[in-house]
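Engineer: Under the UniProt record's numbering, the first residue of the sequence shown is numbered 1, with each subsequent residue one higher. Built from N, CA and C at the ideal position, the CB exists for glycine as well.
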Amino acid sequence: MSTTSEYVLGQSERAARRLALQDLHFAAPSEALLDALALRPADRVVELGCGPGAFTRRILNRLGAGGAVVGVDSSSGLLEQAKASLAQLGGSRFQPTLADVAKPGPWIDGADVVIGRAVLHHVPMAEFLLGRLRARLRPGTRVGFLEPDFRSLLARIAHLEATSRPELAPLLVWAKSINDLYSAWRISPCVGATLAQTLEIAEYSNVRHAWHEFPSDATVIENIQMIYDEVRDTYVSLGILSAGEIDEQQRLLRALPDDVLPAVWGLHQVSAVV
Ligand SMILES: C[S@@+](CC[C@H](N)C(=O)[O-])C[C@H]1O[C@@H](n2cnc3c(N)ncnc32)[C@H](O)[C@@H]1O
């Protein structure tokens with residue numbers, strides 16, 4: 001069973017390197033979310049699930065000397081890496097905080113902005129958190145999230161695979177496996193697609209949504225390979241894929257043509273005001 005202190009995709013330095021690679025895929029959507037939130041130099045930003053701090057770096061770059069980022073994460077290993085990598089840029093402006101974001105504590109009080117990238121889908125029943133945040137945050141607090149979507153794009157890929165591109169099958173297998181993993185851990189893999197509606201129903205105001213997809217270039221495929229490496233034992237123990245099936249999928253991924261492949265996952269960017 002998942003406990004909220006475990007990050008299901010690993011907490012090692014290798015996991016941190018994978019998240020740094022992912023930061024490159026997420027560069028344009030990340031900057032777009034920060035634009036939408038119109039960060040001010042003295043803002044107190046609470047970042048949910050900051051991990052090793054790649055998005056935190058982008059936030060800190062937008063703040064002045066009087067601003068601060070409270071980086072909240074349940075993984076002490078990833079927080080340590082964030083502390084080390086942001087020491088120079090952040091100084092006392094980066095405040096690492098070990099906590100479960102599903103249970104907002106005093107660390108959230110006084111936030112001007114609450115932000116999270118690729119974290120809500122790791123929270124069981126993320127909608128509870130979104131409702132409780134609106135109850136706890138001051139009116140006028142800006143909130144913004146980037147959440148992955150591992151489902152919508154599969155219809156396009158399945159159509160291509162069925163009509164002209166059978167070699168795309170390993171993209172479907174990978175996407176199914178990650179959905180199966182998140183379902184087994186009882187977290188919220190589909191929260192991104194319904195996030196804007198969820199915030200509207202919870203009566204946040206000024207809800208805005210944008211959709212970003214990025215083609216499956218070599219770095220996306222490398223990221224997928226690294227995810228297989230990180231979760232290999234978990235997949236086997238949960239019966240999602242056997243070790244032999246993972247080896248075969250990794251071989252098929254390596255054999256994919258070098259040209260640009262269709263996107264296999266994308267990001268929902270959602271911002272709103274309490
Ligand atoms: C996919 S990573 C994203 C990290 C970072 N936001 C980024 O975009 O690079 C998800 C992060 O959320 C953290 N996390 C997952 N569930 C959490 C929870 N319930 N409370 C606090 N942190 C959590 C994990 O430890 C991990 O650092």
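Give a yes or no on whether the C-beta atoms belonging to residue 178 and residue 170 are separated by under 9 Å.
Structural biologist: Here residue 178 refers to the residue found at position 178 of the sequence shown. Here residue 170 refers to the residue found at position 170 of the sequence shown. Result no, Cβ atoms of residue 178 and residue 170 do not sit closer than 9 Å.
Engineer: Give every residue of the same chain whose Cβ lies closer than 6 Å to the Cβ of residue 174, excluding the five residues on either side of it in the sequence, and list them in chain order.
Structural biologist: Residue 174 sits at position 174 when you count from the first residue of the sequence shown. If we look at residue 174 and ignore the five residues flanking it on each side, its Cβ neighbours are 224.
Engineer: So, residue 26 versus residue 55, is the Cβ gap smaller than 9 Å?
Structural biologist: Counted from its first residue, the sequence shown places residue 26 at position 26. Counted from its first residue, the sequence shown places residue 55 at position 55. Yes.
Engineer: Under a Cβ-count criterion, where at least 16 other Cβ atoms within 10 Å of its own Cβ denotes burial, should residue 14 be classed as buried or exposed?
Structural biologist: Here the question's residue 14 lines up with position 14 in the sequence shown. When all chains shown are included, residue 14 counts as exposed.
Engineer: From residue 246 to residue 68, what distance separates their C-alpha atoms?
Structural biologist: Working through the sequence shown from its first residue, we reach residue 246 at position 246. Working through the sequence shown from its first residue, we reach residue 68 at position 68. In a straight line, the C-alpha of residue 246 is about 43 Å away from that of residue 68.
Engineer: Where does residue 3 land, buried or exposed, given buried means 16+ other C-beta within 10 angstroms?
Structural biologist: Locating residue 3 in the sequence shown gives position 3, counting from the first residue. In this predicted model, residue 3 has a pLDDT of only 35, less than 50, meaning its place in the structure is not dependable; the value taken from the coordinates is given anyway. With fewer than 16 Cβ atoms within 10 Å of its Cβ, residue 3 is classed as exposed.
Engineer: Check for me: the beta strand (DSSP E) holding residue 232 runs from which residue to which?
Structural biologist: Against the sequence shown, residue 232 aligns to sequence position 232. From DSSP, residue 232 is part of no beta strand (DSSP E) but of the alpha helix (DSSP H) over 218 to 238.
Engineer: Please find out if some non-hydrogen atom of ligand 1 comes closer than 8 Å to the beta-carbon of residue 202.
Structural biologist: Within the sequence shown, residue 202 is the residue found at index 202, counting from 1. Checking the Cβ of residue 202 against ligand 1 gives no.
Engineer: Compare the beta carbon distance of residue 191 and residue 271 with 9 Å and say whether it is the shorter of the two.
Structural biologist: Along the sequence shown, one-based indexing puts residue 191 at 191. Along the sequence shown, one-based indexing puts residue 271 at 271. No, Cβ-Cβ distance for residue 191 and residue 271 is not below 9 Å.
Engineer: Going along the chain, which residues of its own chain have a beta-carbon closer than 7 Å to the beta-carbon of residue 140, five neighbours each way excluded?
Structural biologist: On the sequence shown, residue 140 is found 140 positions in, with the first residue counted as 1. Only 273 and 274 meet the Cβ criterion.
Engineer: Are residue 41 and residue 65 closer than 9 Å when you measure CB to CB?
Structural biologist: In the sequence shown, the residue the question calls residue 41 occupies position 41. In the sequence shown, the residue the question calls residue 65 occupies position 65. Contact: yes.
Engineer: In or out: residue 5 buried (at least 16 other Cβ within 10 Å) or exposed?
Structural biologist: The residue given as residue 5 occupies position 5 in the sequence shown. With a pLDDT of 41 at residue 5, under the threshold of 50, the modelled position of that residue is not reliable, and no figure is offered here.
Engineer: Taking the DSSP output, what are the residues bridged to residue 275?
Structural biologist: Absent from the structure is residue 275, since the part of the chain shown begins at 1 and ends at 274.
Engineer: I'd like to confirm the pairing. Which residues does DSSP put opposite residue 71 in its beta bridges?
Structural biologist: For the purposes of this step, residue 71 is taken as the residue at position 71 of the sequence shown. In the DSSP output, where bridge partners are listed per residue, residue 71 has 47 and 96.
Engineer: Flag residue 122 as yes when its Cβ comes closer than 8 Å to any non-hydrogen atom of ligand 3, and as no otherwise.
Structural biologist: You won't find ligand 3 in this model; what it holds is ligand 1.
Engineer: Counting Cβ pairs closer than 8 Å, one from the stretch 233 to 250 and one from the stretch 196 to 216, do we hit at least three?
Structural biologist: The stretch 233 to 250 vs the stretch 196 to 216: no contact.
Engineer: For the stretch 155 to 184, list the alpha helix (DSSP H) runs that are entirely contained and at least 4 residues long, ordered along the chain.
Structural biologist: Listed in chain order, the complete alpha helix (DSSP H) runs (minimum 4 residues) inside the stretch 155 to 184 are 169 to 184.
Engineer: What is the DSSP secondary structure of residue 213, reduced to helix, strand or coil?
Structural biologist: Working through the sequence shown from its first residue, we reach residue 213 at position 213. In this structure, residue 213 counts as strand in the three-state DSSP scheme.
Engineer: Bridge partners of residue 145, per DSSP?
Structural biologist: Sequence index remark: in the sequence shown, residue 145 carries index 145 (1-based). In DSSP, residue 145 forms a bridge with 116 and 270.
Engineer: I'd like to know if the stretch 31 to 50 and the stretch 115 to 122 are in contact, where contact means that at least 3 CB-CB pairs between them fall below 8 Å.
Structural biologist: Enough Cβ pairs lie closer than 8 Å, so yes.
Engineer: Is the separation between the beta-carbon of residue 57 and that of residue 89 shorter than 9 Å?
Structural biologist: Counting from 1 along the sequence shown, the entry for residue 57 is found at position 57. Counting from 1 along the sequence shown, the entry for residue 89 is found at position 89. Yes, the Cβ-Cβ distance between residue 57 and residue 89 is below 9 Å.
Engineer: Where do the N-terminal and C-terminal ends of the alpha helix (DSSP H) with residue 201 fall, by residue?
Structural biologist: Position 201 of the sequence shown, counting from 1, holds the residue named residue 201. Counting along the chain, the alpha helix (DSSP H) containing residue 201 begins and ends at 191 to 201.
Engineer: Which term fits residue 147, buried or exposed, when burial requires 16 or more other beta carbons within 10 angstroms of its beta carbon?
Structural biologist: Working through the sequence shown from its first residue, we reach residue 147 at position 147. That one is buried.
Engineer: In the DSSP output, what is residue 208 paired with across the bridge?
Structural biologist: Counting from 1 along the sequence shown, the entry for residue 208 is found at position 208. Residue 208 is bridged to 271.
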